[in-house]
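One structure is given below, encoded as structure tokens.
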Amino acid sequence: MKKRTFTIQNPSFCAFLLTGLLFMLGINAHAQPDRYVNPSGTCAGGTPCYTTISAAVAAAAANDVIEVEDGTYNENVTISQALTLQSANGRAVTTIVGSDSGPAGTILINSGTSGVTIDGFTIVGFDNVPNGAIEYAAVYLRGAVTNTEIINNEIVANGEAGLLSEFNAAIDNIYIDNNIFSGTTYNLSLNGGLPGECGFATQFNNPNTNVPRQLVVMGGGGGVTNSKNVTFTNNQVTGKAGDASAVACNSPLDEQGNTLVTIDVINATITGNSFTGMTTRFASMLRTRGINTTISNNDFDGSDIGEFVAYVCIDANALDGATPSDLDGVQAANTFDPESFVNLQALCIYKCTPPAGFSQVDFNQDNCYGEADAGLRGLKVGPAPGANEVGFWRILEFIPGPGSDLSSFAPAPGGTGTGGPFSNADNASTSAEFEISADGSTFTPVASPTGASGNPLYGTYVLEVVVRNTVSGCESEAFGPLEKVVAACDGSFVTAAPCSCLDNATTLSNGQFSQLFTVEAFPGQAINATMASGLYATGSPAPPASPTPLTVPTAFTETATPGTVAGTVVYELQAIHVDGDGYTLEVSDGTSTASVSNTCYYPNPEILGLA
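Adding 1 to a residue's 1-based position in the sequence shown gives its number in the working numbering.
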């Protein structure tokens, strides 16, 4: 069998393919080590060999590569020059555990240091329990740290922050990629494992009050001037920065939580990350306040965050020069589950999941009442008075849903309501019941029915309930649609005029009556007689001939005569019926059906011409 020979024409391309394959296999493509670390001091023949990472770092020359073999290293590591610290086999088997007996970080990079890479470790932080005045972190950037890569690690908060840079320090070109940020930013050994206090007034107290720290915090707040150029990509944010508080908090809930990730720098790229961590109270999953911040292709899972937690909060200028350039664009460029809501006043994208308690809202079954003085002949919708709040959610408005017979629910000029059709204008907490006027033009909060009766516009009303969170401002359709078919009130929506005798009898029983039927409705509707018994066409011959039965369906005629309810007109149908024979007429508008029946008699006969 003849052998085939392959020649590599482009070795750099092959190296690229190999690097990609190693990444998919979870193996880092490492630089050639200059120094080795192994807990036993053997280093598999690599030299020089050290038993601690700190010893290797202390002995290193600038730009050295230090490879750390599998094991757990209980030490704090301080780096003050350019070097690469890499694990041999990844974060799953190489762990560094810090303590409060050393510097402020399990790994601390000193000010003025540039060109550091930390690659492939599990880095466990620590907490200085007695004193909350000093912040610590698993990875701590002290002062002006530049041109640094933090990649492929699991950074575990343990009572303090996971990754921290000092406030408005001159950090520049910091690359944070493919890390897991896990752990808890308050001390689980205190307060029964719960965070302390309400809010952050005592965060830096001594003794420690166990107020949660942030999981990742970098930059200089809204007025940042020195911190710049941070890339935060492809990371998993799984840690915990909040829970129920160990003490009672008055508002809004007994919760205490801090923000998971804060990146307040000039020029930030935050893409491809997964946010699944837990926090509570008024915190956010991501906060960013420096200009030119790109936020895209991130996944935010709010399953474990509190009711008032935001997915994303920004400052007014944070998106200047960025893509997307506004909060609506950020909402569209990222995924949020559960649903999200953009609050442009707070500059936040909030989780928006109304509670299930609003499912009791429905149309009142007694739909035939109104306020005669106000001209209302309407429906009532809502739960029992005073039940329009569930927790911190309140019914805001009802909006028309698909499939309604009414073409528009928009308030007519002078109609009530603000913020949309059928709104609870005063946002009152005493009632969620509303009257809809017969023409659908006004929607008025009421506490209880007035007892007056009348005819709402018949047809199908379809409404959806909009609720608002009184703290976050989040608005959402809580459920729906609600549907109510309005047929007849007080027995019928069709009216029969009094019988009108035609004086055309030729026997004692064949005299005819003219009969007018009317319906009040809004213009443009199709009102039809769908069943007629004992009714005849107006063109029927006079007695003694037999009358012609009324053909059904037959349409009512729309007139210009105004109805009793503003905006309605009168529809008419004229027919004939016979002395002593009862009639029944059924009328439909295509959705609802009503009927009217009656029997009319000629006056008692009188024999004329007798002396």
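All residues carry an ideal CB built from backbone N, CA and C; glycine is no exception.
Quiz item: Apart from the five residues just before and just after residue 598, which ones in its own chain have a Cβ nearer than 7 Å to its Cβ?
Solution: In the sequence shown, counting from the first residue as 1, residue 598 sits at position 597. Answer for residue 598: 583, 584 and 585, listed in chain order.
Quiz item: Around the C-beta of residue 33, are 16 or more other C-beta atoms found within 10 angstroms, so that it is buried, or is it exposed?
Solution: Position 32 of the sequence shown, counting from 1, holds the residue named residue 33. The residue is exposed, with fewer than 16 neighbouring Cβ atoms inside 10 Å.
Quiz prompt | Start and end residues, alpha helix (DSSP H) containing residue 125 | solution = Working through the sequence shown from its first residue, we reach residue 125 at position 124. Not the alpha helix (DSSP H): residue 125 falls in the beta strand (DSSP E), residues 123-125.
Quiz prompt | First through last residue of the alpha helix (DSSP H) which encompasses residue 58 | solution = Mapped onto the sequence shown, residue 58 falls at position 57. It spans 54-60 - the alpha helix (DSSP H) in which residue 58 sits, taken as one unbroken run.
Self-check item: Limits of the unbroken beta strand (DSSP E) element including residue 329
Solution: Stepping through the sequence shown from its first residue, residue 329 is reached at position 328. Taken as a continuous stretch (DSSP letters only), residue 329 belongs to no beta strand (DSSP E), being part of the alpha helix (DSSP H) at 328-334.
Quiz item: So what does DSSP say about residue 44, is it helix, strand or coil?
Solution: What you label residue 44 is simply residue 43 of the sequence shown in a count that begins at 1. In the three-state reduction of the DSSP assignment, residue 44 falls in the helix class, which pools H, G and I.
Self-check item: Candidates 56, 211, 93 and 52, of which the one nearest residue 133 by Cα
Solution: Residue 133 sits at position 132 when you count from the first residue of the sequence shown. It is 211.
Exercise. List the residues that DSSP assigns as beta-bridge partners of residue 342.
Key: The residue given as residue 342 occupies position 341 in the sequence shown. In the DSSP output, where bridge partners are listed per residue, residue 342 has 351.
Self-check item: Close-in-space but distant-in-sequence residues of the same chain around residue 82 (CB under 7 Å, 5 per side omitted)
Solution: Working through the sequence shown from its first residue, we reach residue 82 at position 81. Taken in chain order, the residues that qualify are 63 and 114.
Self-check item: Distance, residue 292 Cα to residue 429 Cα
Solution: As a working mapping, residue 429 is identified with position 428 in the sequence shown. As a working mapping, residue 292 is identified with position 291 in the sequence shown. Its pLDDT being 32, under 50, residue 429 is placed unreliably by the model, and the measurement read from it follows with that caveat. Answer to the nearest angstrom: the Cα atoms are 40 Å apart.
Quiz prompt | C-beta contact flag for residue 284 and residue 227 at 9 Å | solution = Mapped onto the sequence shown, residue 284 falls at position 283. Mapped onto the sequence shown, residue 227 falls at position 226. No; because the gap between Cβ atoms is not below 9 Å, this pair is not in contact.
Quiz item: Under the DSSP definition of a beta bridge, which residues are partnered with residue 218?
Solution: If you number the sequence shown from 1, residue 218 lands on position 217. Beta-bridge analysis with DSSP links residue 218 to 165 and 263.
Quiz prompt | residue 472 vs residue 495 beta-carbon contact at 9 Å | solution = For the purposes of this step, residue 472 is identified with residue 471 of the sequence shown, where counting begins at 1. For the purposes of this step, residue 495 is identified with residue 494 of the sequence shown, where counting begins at 1. No, these two residues do not count as a Cβ contact at 9 Å.
Quiz item: Do residue 512 and residue 603 come within 9 Å of each other at the CB atom, strictly closer than that value?
Solution: Locating residue 603 in the sequence shown gives position 602, counting from the first residue. Locating residue 512 in the sequence shown gives position 511, counting from the first residue. It is a contact, given that the beta carbons lie within the stated cut-off.
Quiz item: Given a threshold of 16 other Cβ atoms within 10 Å of its Cβ, counted over all protein chains shown, does residue 142 qualify as buried or as exposed?
Solution: As a first step, residue 142 is located in the sequence shown; it is residue number 141 there, counting from the start. By the Cβ-count criterion, residue 142 is buried, with 16 or more other Cβ atoms from all chains shown falling within 10 Å of its own Cβ.
Practice problem: Classify residue 501 as buried or exposed, calling it buried when 16 or more other Cβ atoms lie within 10 Å of its own Cβ. | Solution: By 1-based counting over the sequence shown, the position of residue 501 is 500. A residue is called buried when at least 16 other Cβ atoms come within 10 angstroms of its Cβ; residue 501 does not meet this threshold and is exposed.
Self-check item: Host beta strand (DSSP E) of residue 120 (start-end)
Solution: Mapped onto the sequence shown, residue 120 falls at position 119. Judged by DSSP secondary structure, residue 120 falls within the beta strand (DSSP E) whose first and last residues are 117-120.
Quiz item: Who are the Cβ neighbours of residue 193 in its own chain at under 7 Å, not counting the five residues just before and after it?
Solution: Residue numbering aside, residue 193 sits at position 192 when the sequence shown is read from its first letter. For residue 193, where only same-chain residues beyond five positions count, the Cβ hits under 7 Å are 247.
Quiz item: Rounded to a whole number of angstroms, what is the C-alpha to C-alpha distance between residue 1 and residue 88?
Solution: Nothing can be reported for residue 1, as the shown portion of the chain is limited to 2 through 612.
Practice problem: Compare the C-alpha of residue 207 against each of 199, 131, 570 and 44 and name the closest. | Solution: Indexing the sequence shown from 1 puts residue 207 at position 206. Here the closest residue by C-alpha is 131.
Exercise. Please list, in chain order, all residues of the same chain as residue 541 whose beta carbon is under 7 Å from its beta carbon, the five residues on each side excluded.
Key: For the purposes of this step, residue 541 is taken as residue 540 along the sequence shown, with counting starting at 1. So the list reads 548, 549 and 577, once near-sequence residues are dropped.
Quiz item: Between 136, 241 and 601, which lies nearest to residue 109 when the distance is taken from Cα to Cα?
Solution: Translated into positions along the sequence shown, residue 109 becomes position 108. That would be 136, whose Cα lies nearest to the Cα of residue 109.
Quiz item: Can you give the Cα-Cα distance for residue 97 and residue 220, rounded to whole angstroms?
Solution: The residue you call residue 97 lines up with position 96 of the sequence shown. The residue you call residue 220 lines up with position 219 of the sequence shown. Looking at the two C-alpha atoms, the distance is approximately 25 Å.
Quiz item: Per DSSP, what kind of secondary structure is residue 230 in: helix, strand or coil?
Solution: As a first step, residue 230 is located in the sequence shown; it is residue number 229 there, counting from the start. DSSP, read as helix, strand or coil, puts residue 230 in strand.
Quiz item: From the DSSP output, which residues share a beta bridge with residue 302?
Solution: Mapped onto the sequence shown, residue 302 falls at position 301. Beta-bridge annotation (DSSP): residue 302 is paired with 338.
Quiz item: To the nearest angstrom, how far is it from the Cα of residue 594 to the Cα of residue 249?
Solution: Taking the first residue of the sequence shown as position 1, residue 594 is located at position 593. Taking the first residue of the sequence shown as position 1, residue 249 is located at position 248. For residue 594 and residue 249, the distance between alpha carbons rounds to 58 Å.
Quiz item: Looking at residue 273 and residue 234, is the spacing between their C-beta atoms short of 9 Å?
Solution: Along the sequence shown, read from residue 1 onward, the residue named residue 234 stands at position 233. Along the sequence shown, read from residue 1 onward, the residue named residue 273 stands at position 272. For residue 234 and residue 273, yes; Cβs fall inside 9 Å.
Quiz item: Should residue 157 and residue 190 be called a contact, given that it needs their Cβ atoms to be closer than 9 Å?
Solution: The sequence position of residue 157 within the sequence shown is 156, counting from 1. The sequence position of residue 190 within the sequence shown is 189, counting from 1. Against a cut-off of 9 Å, the Cβ pair of residue 190 and residue 157 comes out as no contact.
Quiz item: Is residue 124 near residue 167, with beta carbons less than 9 Å apart?
Solution: Here residue 124 refers to the residue found at position 123 of the sequence shown. Here residue 167 refers to the residue found at position 166 of the sequence shown. Cβ atoms of residue 124 and residue 167: not closer than 9 Å.
Quiz item: So, is residue 600 buried or exposed, given that buried needs 16 or more other C-beta atoms within 10 angstroms?
Solution: Locating residue 600 in the sequence shown gives position 599, counting from the first residue. Burial call: exposed.
Self-check item: Of the residues 329, 508, 575 and 469, the one placed nearest residue 315, counting alpha carbons only
Solution: In the sequence shown, residue 315 corresponds to position 314, counting from 1. When only C-alpha atoms are compared, the closest one is 329.
Quiz item: With a Cβ-Cβ cutoff of 9 Å, do residue 288 and residue 258 count as a contact?
Solution: Residue 288 sits at position 287 when you count from the first residue of the sequence shown. Residue 258 sits at position 257 when you count from the first residue of the sequence shown. Result no, Cβ atoms of residue 288 and residue 258 do not sit closer than 9 Å.
Quiz item: Do residue 616 and residue 263 have their C-beta atoms closer together than 9 Å?
Solution: The structure shown does not extend to residue 616, since the chain is modelled only from 2 to 612, so the question has no answer here.
Exercise. Return the CA-CA distance between residue 527 and residue 559, expressed in angstroms with no decimal places.
Key: Within the sequence shown, the letter at position 526 stands for residue 527. Within the sequence shown, the letter at position 558 stands for residue 559. Between residue 527 and residue 559, the C-alpha separation is close to 9 Å.
Quiz item: Residues in its own chain within less than 7 Å of residue 205 by CB, not counting five upstream and five downstream?
Solution: Position 204 of the sequence shown, counted from the first residue, corresponds to residue 205. When the five nearest sequence neighbours on each side are left out, the beta carbons in the same chain lying within less than 7 Å of the beta carbon of residue 205 are those of 133 and 134, in order along the chain.
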